[in-house]
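Just so you know, we're using the working numbering here: the sequence shown kicks off at 7 and counts up by one. Report on the structure given below.
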Amino acid sequence: MLLNTSGQISLLRVHDVGTRYGPPSDSIDVEVVVQFVGRPADAFGFQLRSDSNNPARRGMLDLLRDAFNHGWTAHIDFNIDQGHHNGVIIRVWVTKPAHPHQPPASLP
Numbered sequence: 007m008l009l010n011t012s013g014q015i016s017l018l019r020v021h022d023v024g025t026r027y028g029p030p031s032d033s034i035d036v037e038v039v040v041q042f043v044g045r046p047a048d049a050f051g052f053q054l055r056s057d058s059n060n061p062a063r064r065g066m067l068d069l070l071r072d073a074f075n076h077g078w079t080a081h082i083d084f085n086i087d088q089g090h091h092n093g094v095i096i097r098v099w100v101t102k103p104a105h106p107h108q109p110p111a112s113l114p
């Protein structure tokens, strides 16, 4: 099932190929894992392998790293099996907080 979520990242993890993430009944075969503030039971990730998806996945990791380092909002689309807490990310984007436009100061 394809879903999406967003928020600030509380965990960004990268680990070796084949080590998986999560318990045996809800594990995902990924190398990059993220969790969001307020959702400690849920994790999302994607593979970072030398294949045709590598450029896009490197870009997703870069966006997640920027969101983590700057406190920006990360948004993801992910696939997850019903009743599971760990899903596989297929798309990432980030947004910065909006800053209201301030008019220039008036001259005295």
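Virtual Cβ for every residue (Gly too), placed ideally from N, Cα, C.
Distance between residue j and residue i (C-alpha atoms, nearest Å)
i: Arg-45; j: Ile-15; result: 10 Å
i: Arg-71; j: Val-94; result: 17 Å
i: Ile-34; j: Asn-75; result: 25 Å
i: Thr-101; j: Trp-78; result: 6 Å
i: Gln-53; j: Gly-65; result: 12 Å
i: Asp-87; j: Asn-10; result: 13 Å
i: Val-20; j: Pro-103; result: 26 Å
i: Asp-57; j: Pro-30; result: 26 Å
i: Gly-51; j: His-105; result: 30 Å
i: Leu-67; j: Ala-47; result: 21 Å
Beta-carbon proximity of residue i to residue j, cut-off 8 Å
i: Ile-82; j: Arg-63; result: no
i: Gln-41; j: Leu-17; result: yes
Contacts around residue i, its chain only, beta-carbon distance under 8 Å, and the 5 residues preceding and following it disregarded
i: Gly-28; result: Ile-34, Ala-49, His-91 and Asn-92
i: Ala-73; result: Gln-14, Ile-15, Thr-79, Ala-80 and Val-100
Residues near residue i in its chain [Cβ-Cβ closer than 7 Å; skip 5 each side]
i: Val-23; result: Glu-37 and Arg-55
Cβ distance (whole Å) where residue i is taken to contact residue j below 8 Å
i: Gly-13; j: Val-43; result: 6 Å
i: Leu-8; j: Asn-85; result: 6 Å
Opening and closing residue of the alpha helix (DSSP H) in which residue i lies
i: Asp-83; result: First-last for Asp-83: 79-85, but that is the beta strand (DSSP E), not the alpha helix (DSSP H).
i: Gly-65; result: 60-76
Start-to-end residues for the beta strand (DSSP E) that takes in residue i
i: Leu-17; result: 15-20
i: Gly-93; result: 92-101
i: Val-40; result: 38-42
i: Ala-49; result: 49-52
Other residues of its chain near residue i: CB distance less than 6 Å, five sequence neighbours each side excluded
i: Arg-26; result: Ser-33 and Asp-35
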